[in-house]
Amino acid sequence: MGRILTIAHHTVREAFRMKVVMAFAVLILALICGLPFSIQRPNATVTATVQTFLTWSLTPLGVILSFLAVFLGCLSISDEMYHRQIYTLVSKPIPRWQYIVGKWVGVVQVLTGLLIFAGLLTYVMARLLASAEPTDKIDKFTLEQEVLTARAHSSLHIPDFTALAERVLAQLKEEGRYADASASAQRATKVRIAGEYSQRWRAIAPGEVREFEFRNLGLVERSRDKTMQLRYKAKGLGYAQDEVLQTLWVFGDPRDADVYQPDPRRDVMDRYHVIPFPASCVSPNGRLKVRVQNLDHLRREGHPGATIAFEAEEGFEVLYKIGSFEGNMARTLFLIWCRVVLIASLAILSATFLSYPVACLLAFMFYVLSVSGGYVVDALGFGGAQDGVFGVAKPFAKAMLEMVFWVLPKFSKYDGVPTFVEGRNVTLMWDLLAFGKLVLFLSTIILLIACIVFRRRQVAELSV
Amino acid sequence: MSPDRVIVKTVGLTKVFKDFWRRDKVAAVQDLNLEVRQGEVFGLLGPNGSGKSTTIKMLLGLLYPTRGRISLFGRPPTDVATKSRIGFLPEESYLYRFLNARETLQLYAKLFRLDAKVRASRIEKLLEMVGLQHQAKRRIGEYSKGMARRIGLAQALINDPDFLILDEPTTGLDPIGTRQIKELIRELASRGKTVLLSSHLLSDVQDVCDRFCILYGGRVQAVGDIDELLRQQGSTQITAPRLKEETIKEIEKLIRLRENKAVTSVEHPTERLEHFFVRIVEEAQASRIATAGVQAGGELPDFLSEDQGETLVETLVSAADRPTVEKATASAPQRAEPQEELDAHVLSDLMETAAPAEHAEHRSQEAVASASDASLAESREAGGSSENTDGDVDRGVIDALLDKSEDRPGG
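First to last, the protein sequences are chains A and B.
Under the numbering used here, think of the first position of the first sequence as 215, with each following residue one higher.
Under the numbering used here, think of the first position of the second sequence as 9, with each following residue one higher.
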């Protein structure tokens, strides 16, 4: 362990003395401190300003640190090979695997230090921006309840329509209206029927009332002082864009919880809206009943009104505070850390058998592929059959890329910034999953390969 | 440990560099069989590109042999424990430009897992030894080549190695540094260390090595004891304070009378530039003239001793049969002693025969007289070539002439 730490310490010192850390620290400083000046607009709410700042500071931070991971990971080994300091180092009693691990630890230490520095700077700047005078009460409330917080969510509980779909399918067969006999086609039809029922169930005709239920709210502190939010997006079927929908909402089951009924709402369709309500409306069993009445027929006299259809998942959910802004930010930064650690491992592996520029290119390629995720594969899937060379090569290219993405992680799965900026909880489980997959599993395998490659490599060159 | 214990052994060592398509490109070393014994200073000689550095790189595990075997202390060169007994000074001091001298030595000392106290003590002693204790806080990037070379040497000694590999150690050093390195090598050998010295500076090798091998085209061309290979059997050299012309003539007469041979040359040698330079700089150092360069180097640190770094059992087992301690103090004079005794004996004979010489006023100068076969002198007097330093030709001529002289009565 002592030799690993010696190499790690040496790598850190090298990064500082070669001004690599200084250059990137200045870049981060300029980015984070300069950003507020460029994003502030005269009529913008404080909430929007803070959200923009968090998005535009943390997203580039991940990119900058990934670049540093590539540069430093490749440089730390390639430079010693190029300037031949490796001759003196490898002739000392240090196993080659310890050298590689030491380099990795050193690079990770530098990245961690810079991430902490950037994180603290971002936090201070975000707090400074948040301390500005809010434009109105809503702005203040939104900032505190929807941004500077960590909220868990519960999506709408949708009844299981599978049994109903099976019955419908059987009836269609009996009536001779369904002829396709293949099992896969029947399964697909069943799913489609269930989906249609789900949509119908989320749609409310003018004047009608529907009761929805949200479950798994056991962690909510059921207090009148605590506020929860219902976030939804709805459409008026048959309406064009920007029509206003009129609804009445009642929260809570009167049998075992408080009931809260805000004033009837008039919300623009196809946009997200948030209705705050007291946490005491949640029943002791961790469920929340919400009744919605479609009042669209009352909007204009003589107008029949439109059916209102709610979206599923994030389009209709309940949010509640579960943690602090600071903790949430730390977990978001940890996700960035996991990603850059993996990039550092890839860079070190590249440098064990390639020269500096080629190693950098290879590591960058992996980074770009990881960031782009499955988009490249999807893009290859678009369009019809092509003639000529491209037509022949396309399936092979797609198969190869699919293989690459089977091994490579999709970084979008481990990007917590959009979640964090919306004040949603970046869960500890998410962090653990990222750490397990990106650091413990993939980085370990990559380092193992790097150690094997470097052990077999002749570090000296032909000099005859 | 046995004095003849083999520290380095290579058997059929071959290194062939291949190109991208795995085709043979350069055969750097071919079928090399070498043995370096404990306590000796072994020279690896050869012109540029002869395979010296490739051999050293294979010994250190920086390159892997294409064929053949290497053993260092009976183990393969990649063995980590073996590496802790080796010190290596590469052909150029490949050091980190951003570190200062002390940090550099710290880094390498830590890789040997030296205790913090031992580490600190050794670093100070080595800095003093290489004369850089006052420049220890300067970045190595600011050092001259010679100064960097000295730090390179210090890092090679930080672990008190049993086996020291020095690749062109005097490159970039001033004459004082060169002399110090040579003295250091001899001193280390006297303390039981084994040294492998690679150089194409023949004087370096001749001054310090016990044995050497000459490589050319990756193959061994000659290997053996330095005295055996270099001794000129056909001539004798006598050195004395400056003599009068009459005395020299008397000596020539005596040699012709006793040995039936003629003196081939009488010279008044100049002082070697190296000695002159060293003397001038030492005088400047003594008068404390300021310099940003190296100071006068110190003594060899006491930790570089033969017992350091060994277990008690090893020490006890090997103490009885370790003659290498006496090697440097004994071996150098041992080579010179019989010659000096012979020279003194001949000179006293000469002085008894010749007239007393008043040479006190000429004490600062030396006269060198070389005697060879009488016939050789005759051929010179007859207008032949004035000198022939080629040993083989001399020997052939001498042998032929000896055959003649044996026929002479009283010859």
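Each residue gets a CB set at the ideal place from its N, CA and C atoms; glycine is no exception.
Since the structure is predicted, the reported quantities are computational estimates derived from the model, not experimental observations.
For Gly-180 of chain B, same chain residues with a beta-carbon under 7 Å away, outside a window of 5 residues either side, are Lys-153, Gly-154, Arg-157 in chain order. Contact note: Tyr-301 of chain A reaches chain B through Leu-70, Pro-98, Tyr-102, using a C-beta cutoff of 7 Å and chain order. The residue among A:Val-324, A:Arg-341, A:Gly-500, A:Thr-302 with its C-alpha nearest the C-alpha of Ala-117 of chain B is A:Thr-302.
Under a 10 Å Cβ-count criterion, Phe-120 of chain B is classified as buried, with 16 or more other Cβ atoms of the shown protein chains found around its own Cβ. In the DSSP assignment, Lys-17 of chain B is bridged to B:Glu-43, B:Ser-79. Interface criterion met: the Cβ of Met-232 of chain A is under 8 Å from a Cβ in chain B.
Around the beta carbon of Met-137 of chain B, 16 or more other beta carbons lie within 10 angstroms, which makes this residue buried.
The Cβ-Cβ distance between Gln-475 of chain A and Val-423 of chain A does not fall below 8 Å.
DSSP places Trp-463 of chain A in the uninterrupted beta strand (DSSP E) bounded by 458-465. Using a Cβ-Cβ cut-off of 8 Å, Ser-92 of chain B counts as an interface residue toward chain A, since at least one Cβ of chain A sits closer than that to its own. Under the three-state reduction of DSSP, Met-643 of chain A is assigned to helix. Against chain A, a Cβ distance below 7 Å from Lys-65 of chain B picks out Ala-674.
Rounded to the nearest angstrom, the gap between the Cα atoms of Ser-396 of chain A and Gly-390 of chain A is 15 Å.
If you draw a straight line from the Cα of Leu-103 of chain B to the Cα of Lys-33 of chain B, it is about 30 Å long. Within its own chain, the residues whose Cβ lies closer than 8 Å to the Cβ of Val-264 of chain A, once the five positions on either side in sequence are excluded, are Ala-340, Leu-343, Ala-344, Leu-357, Val-361, Leu-362, listed in chain order. If the five residues before and after Ile-253 of chain A are omitted, its C-beta is found closer than 7 Å to the C-beta atoms of Thr-263, Thr-266, Phe-267, Trp-270, all from its own chain and listed in chain order. Taking CB atoms only, Glu-540 of chain A has no neighbour in chain B less than 8 Å away. Taking the Cα positions, Val-319 of chain A is about 9 Å away from His-223 of chain A. In the three-state reduction of the DSSP assignment, Thr-202 of chain B falls in the strand class. The CB of Gln-163 of chain B comes closer than 8 Å to the CB of Thr-302 in chain A, given here in chain order. If you look at Gln-245 of chain B, you'll find it in the beta strand (DSSP E) that goes 244-249.
Using a CB distance cut-off of 8 Å, Thr-566 of chain A does not count as an interface residue toward chain B. For Arg-31 of chain B, the nearest beta carbon of chain A is not closer than 8 Å to its own beta carbon. No Cβ of chain A is located within less than 8 Å of the beta carbon of Arg-110 of chain B.
Annotation for Phe-619 of chain A: no beta strand (DSSP E) segment contains it, though the alpha helix (DSSP H) segment containing it runs 602-621. Shown here, Thr-349 of chain A sits in coil according to DSSP, grouped into three states, outside any helix or strand. Rounded to whole angstroms, the separation of the alpha carbons of His-208 of chain B and Glu-176 of chain B is 8 Å. Taken in chain order, the members of the region 119-130 of chain B whose beta-carbon sits within less than 8 Å of a beta-carbon on chain A are Leu-119, Phe-120, Arg-121. The beta-carbon separation of Pro-73 of chain B and Thr-112 of chain B, rounded to 31 Å, does not stay under the 8 Å limit for a contact. Boundaries of the alpha helix (DSSP H) around Glu-540 of chain A: 539-565. Its chain contains Ser-497, Pro-498 as the residues whose beta carbon lies nearer than 7 Å to that of Asp-470 of chain A, once the 5 sequence neighbours on both sides are disregarded; these appear in chain order. Under the three-state reduction of DSSP output, Ala-674 of chain A falls in the coil class, being neither helix nor strand. DSSP places Phe-251 of chain A in the uninterrupted alpha helix (DSSP H) bounded by 234-253.
If one requires a minimum length of 4 residues, the alpha helix (DSSP H) runs lying completely within the region 278-323 of chain A are 299-304, in chain order. Taking every protein chain shown into account, the CB of Leu-642 of chain A has fewer than 16 other CB atoms within 10 angstroms, so this residue is exposed. Taking a beta-carbon distance threshold of 8 Å, Tyr-116 of chain B counts as an interface residue toward chain A.
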